[in-house]
Structure formats: C-alpha cells, structure tokens
Amino acid sequence: MTEHVLALAGGVGGAKLALGLVCAINPEEVSIVVNTGDDDMFHGLYVCPDVDTVMYTLSGLYNSETGWGILGDTFQTLSMLGVYGAETWFNLGDQDFGTHIIRTFLLSQGKTLSDVTELLCRKLGLKSHVIPMTNERVSTVLQTEIGDLPMQNYFVQERSNPVVTGIYYDGIDAAQPSAGFAHALDNSSRIVLCPSNPFLSLGPILAIQGIRDKIRQANLSDRACIAVSPIVGGDAIKGPAAKIMKELGYKVSCVGVAELYKDICNIFVMDEQDSQHVSEIEALGMRAVVAQTIMNTEADKIELAKMILELEVK
Ligand code: FO1
3 MTEHVLALAG GVGGAKLALG LVCAINPEEV SIVVNTGDDD MFHGLYVCPD VDTVMYTLSG
63 LYNSETGWGI LGDTFQTLSM LGVYGAETWF NLGDQDFGTH IIRTFLLSQG KTLSDVTELL
123 CRKLGLKSHV IPMTNERVST VLQTEIGDLP MQNYFVQERS NPVVTGIYYD GIDAAQPSAG
183 FAHALDNSSR IVLCPSNPFL SLGPILAIQG IRDKIRQANL SDRACIAVSP IVGGDAIKGP
243 AAKIMKELGY KVSCVGVAEL YKDICNIFVM DEQDSQHVSE IEALGMRAVV AQTIMNTEAD
303 KIELAKMILE LEVK
C-alpha cells in the first residue's frame, strides 16, 4: 500500500507543515484534517479560519506576512460594512468574502462542510485532501477573567490578552469525525500532529469522541503517530499557546506539550534549541527526534516534512 499520511492541523503552524508534506510526496497521498472550532459567523457568513488558512496556503494564495487571508486582498467591502455600523474588528478581505459567500450558500443548500470544502479545494486546483474534523458545529470557548469568549473574540478582538482559566469545546459531545477523517485514520501509515496550538487547534480535533482511542490503536499496529512541538525554547513561534499553557498551569516547554500527547504519540519531534530535553521526552515513553522545526522558508517546510516521512517507525 503506498504510504498515505494523515496530518492534523490548525492555523498557521499546521498549514506550514501541511504545505511541506504535500510538496514532499504525492499530494494525493496526504489528508489534512483541520480544526473547525475557530469557525464563526461574520456578517451572516460562515467563516472557517483554519480550513481557509490551509486551503489558501496549499493553493499559494495565502498572505505570508499574516499567515491568514489572501495575499494582496483589499478591504472595500469591510469598510462599507463599517459605514453601516457593522463590527469590523475581524479583517475579512474582498476576495476572502468570495470564499465565505459561496461556502455559506452551499451550506444553506444542505451540503456538508466536508462536501463544500472538497468543492472549494478542487476549484483551487488542490490535489491533497483538506478535511474538516467534523461536519457538526463545534465552538472553542475560552473561559477568561472577563467571561467566556468564543475563539475569535479572544484571539482577534481581545488580542489574546485576557487571562485564561479554562477552555471548552461547545458541541463536542455531539460531534462525529467526518467521513474523510475516519477514512484517513484507518488508511494512513503515519499520523502527524502538526506544530499547532495544543489547546486551540489540535485540542478540538483530539476531543472528538473516539479519536484518541483510534490513534492509540494505530500506534499498536505498527503505524506511527508523530507530534511536532509548537513550543520552541519555552515559547510559541506564533500565537498564544505558551501564554495559555502557563495560565492553565502546564510546563511551558516541549516537555509540557509531550505530556499532552504521550498517550497517543510514540515519536516526538522537538527543535534543536530544546535538545537538552531529550531524556525527559524519552522518560515519557516517547522517542525524541531533534530537528529544525522552525519553518521560515518553503525549503524549511519541505525539509521538516521529508524528515518526518523518512523516520523509521518500526
Ligand atoms: N487573525 C487576526 O489576528 N486578525 C484578524 O483580523 C484576522 C482575520 C481573519 C480573517 C479570515 C481568516 O480566515 C483568519 C483571520 N485571522 C485573523 C486569523 C484567525 O483568527 C486565526 O487564523 C485562527 O482562528 C487561529 O489559528
């Protein structure tokens, strides 16, 4: 069986490694399951930030400065919405609106989020499989000192400033893995946890009922689950992962991340800056692999992906 790879991804960090993977091997052999806990409604449109970040990244449309949205996009529609008094703190570009309009229309016709995502990806020429983690609605909510905040209100409107005391995924109990996710789990020889936020990006995916058990079973039957640490040198490359880990009382290091994944992963990839933690990772029962995990260039993304794909997993 040719090697099919399943990558679990969230926002910007996940999209970078996903790009590396689809450039390293036949993109048709890569399934990227994406977090949908960040999804929200804006101006009556259903917006999927993590799915769009992966889709735009793989199709070369993405804005490499911000990591999200479309490069060179304009914001005329948003400014006109502002004239009418609509909230404009969530920066949606004119081309980006095209995605949200067609997605909302197709969903209103009864198509599932998976079907809609598949259609949009085909139209953008993608050969890899970008798969929402579930077709049911799951919303990541952060319990903070100023109250419960949906993800975008916390991350964008409040700039991740409020102190986090807890996180829950509203709707998770009723969420089933999407068919594409379940299929990829059964048919992948390698499962890669991309360097995404363990609470906000991979947390919702792993919280779907049965997923952690399925990944554990995969490990038992000579298939590998490989996690890449999103924390390097005690800090996150991008986003609030380190701040949230600290506020929730976790060790803010690659070891703290490894402790979150030790029950499902047998290989843990950490950055060269953290090589002094190898023995702590091994003490958790995981094989520690030291590599350059910071991906600044396309070559970095492909190099990391190739290293992960060539790891001996037996
Ligand atoms: N992130 C921001 O920090 N500011 C924004 O105005 C913003 C707008 C935005 C629009 C569309 C989209 O797909 C993503 C957007 N993001 C923005 C990023 C988004 O909040 C994050 O990518 C994820 O939700 C977390 O990874």
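Take the sequence shown: its position 268, counting from 1, is numbered 270 in the working numbering, and each next residue is one higher. Just so it is clear, CB atoms sit at the ideal spot from N, CA and C, and this is done for glycine as well. As the structure is a computational prediction, the values presented were derived from the model and not from experiment.
In this structure, Phe99 has its beta carbon at no less than 7 Å from each heavy atom of the ligand FO1. With contacts defined as CB atoms closer than 8 Å, Thr295 and Val280 fail to qualify as a contacting pair. Rounded to the nearest whole angstrom, the CA to CA distance from Ile233 to Ser33 is 24 Å.
Counting along the chain, His185 sits inside the alpha helix (DSSP H) bounded by residues Ala181 to Asn189. Residues Cys256 of the same chain have their beta carbon placed closer than 6 Å to that of Asp276, with the five preceding and five following residues left out of the count. Residue pairing from DSSP leaves Met135 without any beta-bridge partner.
In this structure, Leu94 keeps its C-beta atom at 8 Å or more from the C-beta atom of Phe157.
Lys216 is positioned such that its CB atom lies closer than 8 Å to that of Leu187. Considering only Gly69, Leu47 and Asn221, the residue with the shortest C-alpha distance to Met57 is Gly69. Look at the region 222-254 and you find these whole runs of alpha helix (DSSP H), each 4 residues long or longer: 243-249. Look at Gly15 here: in three-state DSSP terms it is helix. One Cα belongs to Glu31, the other to Val7, and the distance between them is close to 6 Å. Relative to the ligand FO1, the beta carbon of Leu94 is positioned inside 7 Å of a heavy atom. The residues Val32, Leu60 and Ser130, in chain order, have a CB closer than 7 Å to that of Val24 in the same chain once the five nearest residues on each side in sequence are set aside. Listed in chain order, the beta strand (DSSP E) elements of length 3 or more contained wholly in the region 95-149 are 131-134 and 141-146. Short of 7 Å from the beta carbon of Thr136, and not among the five residues preceding or following it, lie these beta carbons of its own chain, in chain order: Thr38, Ala177, Gln178, Pro179, Ser180 and Ile210. Secondary structure of Ile217 (DSSP, three-state): helix. A contact is defined here as three or more CB-CB pairs under 8 Å, and the region 143-155 fails this definition with respect to the region 213-227. Annotated three-state conformation of Ser33 is strand, per DSSP. In the three-state DSSP reduction, Gly173 falls in the coil class, being neither helix nor strand.
According to the DSSP assignment, Leu306 belongs to the alpha helix (DSSP H) that extends over Glu300 to Glu312. Restricted to the region 253-302, the beta strand (DSSP E) segments that are unbroken, complete and at least 3 residues in length are 269-273 and 289-293, listed in chain order.
In the DSSP assignment, Tyr156 falls outside any alpha helix (DSSP H), carrying neither H nor E. Between Val36 and His102, the C-beta gap is not smaller than 8 Å, which leaves the two residues out of contact. Per DSSP, reduced to three states, the secondary structure at Asp41 is coil, with no helix or strand assignment.
Along the length of the region 52-99, whole alpha helix (DSSP H) runs at least 4 residues long occupy 78-85, reported in chain order. Residue range Leu204 to Ala209 is occupied by the alpha helix (DSSP H) that includes Ile207. According to the DSSP assignment, Arg192 belongs to the beta strand (DSSP E) that extends over Arg192 to Leu195. Beta-bridge partners assigned by DSSP to Gly168: Gln145.
Counting along the chain, the unbroken beta strand (DSSP E) around Val49 starts and ends at Leu47 to Val49. Listed in chain order, the non-local C-beta contacts of Ile148 below 8 Å within the same chain comprise Glu160 and Pro164, local neighbours out to five positions each way being set aside. With a cut-off of 7 Å, the C-beta of Phe270 is classified as distant from the ligand FO1, since no heavy atom of the ligand falls inside that distance.
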